[in-house]
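Visitor: Heads up: the sequence shown begins at 0 in numbering that gives the first Met the number 0, then just goes up one per residue. Below you'll find the structure I mean.
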Amino acid sequence: MSLQYSIQRIPTHSHSPSTDPTLLFFLAGKFSALRLSALLESPESFASTFEQEYQFTSSTWLTRLSRPKFHYFIATAHFHSPSTPLSSHTLETGVSVGSVQLFGPHPSSFFTLPLSGAPPPLPDTEEFKYQMIALYSSPLHRGKGLAKMLIQGGIDTAKQEANEKGIEKVRVRIFIGRRNLTVRKLYLSVGFVETGLCTLAEAVVQNGDAEILPEDGGAGDPEKWLKRAALVMEWAG
């Protein structure tokens, strides 16, 4: 018997209105456990903190999963044997070992960061634009290709959504710390290119977490919020 991995999308109400509310509540619990593990194990990779999100109630997690334009992908691990049908490998039965979020599509008016140094995106009539957020894989399951599988799952969904609307091109963007060489190498290996630099203030807004931003927009702590210290990387195709 061996471990088999798969990438599955959480069927939130914003994308699958017929999803059983009880199932979504259960999946929200599994997602919250994975998210809190990520915040504990890799705090430098996230703008939010374990201390903040540990306070979330079950209804808060459910609300977050149902936010418009958010797509949640989970890497699951199943023990597999020749007698086990692949159809039994579901989000409910698998062990959650990784995740990534896709946020979009967005209009150019929101997506464009004029001061980042990145080239302007194509018009909305030609290209769908997304932000990829919070890539994570459990330390016990790293080295299995899960990160690449999660990234590809997000890209495939973006391309499918664009195709359904008659749009041929897709742009997916991520922000990472300049010193995070391992993650930078990972994204380069799957076709992302460096396009500029962004601030933490820009990042939390583009990632859909504007509520994290201080009321003064970060002016009270410019070294943290307004310094261009994060890489902007994009995949276009």
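Glycine is no exception: its CB is placed at the ideal position from the N, C-alpha and C atoms.
Closest to residue 127 by C-alpha separation, out of 169, 112, 143, would be which residue?
Guide: For the residues 169, 112, 143, the minimum Cα distance to residue 127 belongs to 169.
Visitor: What do you reckon, are the CB atoms on residue 112 and residue 201 nearer than 7 Å?
Guide: Contact: yes.
Visitor: Note down, one range per segment and in chain order, each alpha helix (DSSP H) of at least 4 residues found wholly within the segment 119 to 155.
Guide: Fully enclosed alpha helix (DSSP H) runs of 4 or longer: not present.
Visitor: At which residues does the beta strand (DSSP E) containing residue 4 begin and terminate?
Guide: Residues 1 to 8.
Visitor: Applying the 10 Å Cβ sphere with the 16-neighbour rule, what's the burial state of residue 125?
Guide: With fewer than 16 Cβ atoms within 10 Å of its Cβ, residue 125 is classed as exposed.
Visitor: What residues match up with residue 39 in a beta bridge as DSSP calls it?
Guide: For residue 39, which the question treats as bridged, DSSP gives no partner whatsoever.
Visitor: Using the Cβ count rule (16 or more neighbours within 10 Å means buried), how would you classify residue 104?
Guide: With 16 or more Cβ atoms within 10 Å of its Cβ, residue 104 is classed as buried.
Visitor: Got a sec? Which residues, its chain only, sit under 6 Å from residue 166 by beta carbon, not counting five neighbours each side?
Guide: Correct list, in chain order: 127.
Visitor: Between the beta-carbon of residue 195 and the beta-carbon of residue 231, is there less than 7 Å?
Guide: Yes, the pair counts as a contact, with Cβ atoms nearer than the cut-off.
Visitor: On a Cα-Cα basis, can you pick out the residue from 186, 188, 235, 91 that is closest to residue 24?
Guide: Measuring from the Cα of residue 24, the nearest candidate turns out to be 91.
Visitor: How big is the Cα-Cα spacing for residue 140 and residue 96?
Guide: Between residue 140 and residue 96, the C-alpha separation is close to 7 Å.
Visitor: Tell me whether the segment 155 to 162 and the segment 196 to 215 touch, counting them as touching only if at least three CB pairs, one residue from each stretch, are closer than 8 Å.
Guide: No: the two stretches stay apart, fewer than three of their Cβ pairs being nearer than 8 Å.
Visitor: Could you pull out every residue in the same chain whose Cβ sits closer than 7 Å to the Cβ of residue 29, ignoring the five residues on either side in sequence?
Guide: Excluding sequence neighbours, residue 29 sits near 95.
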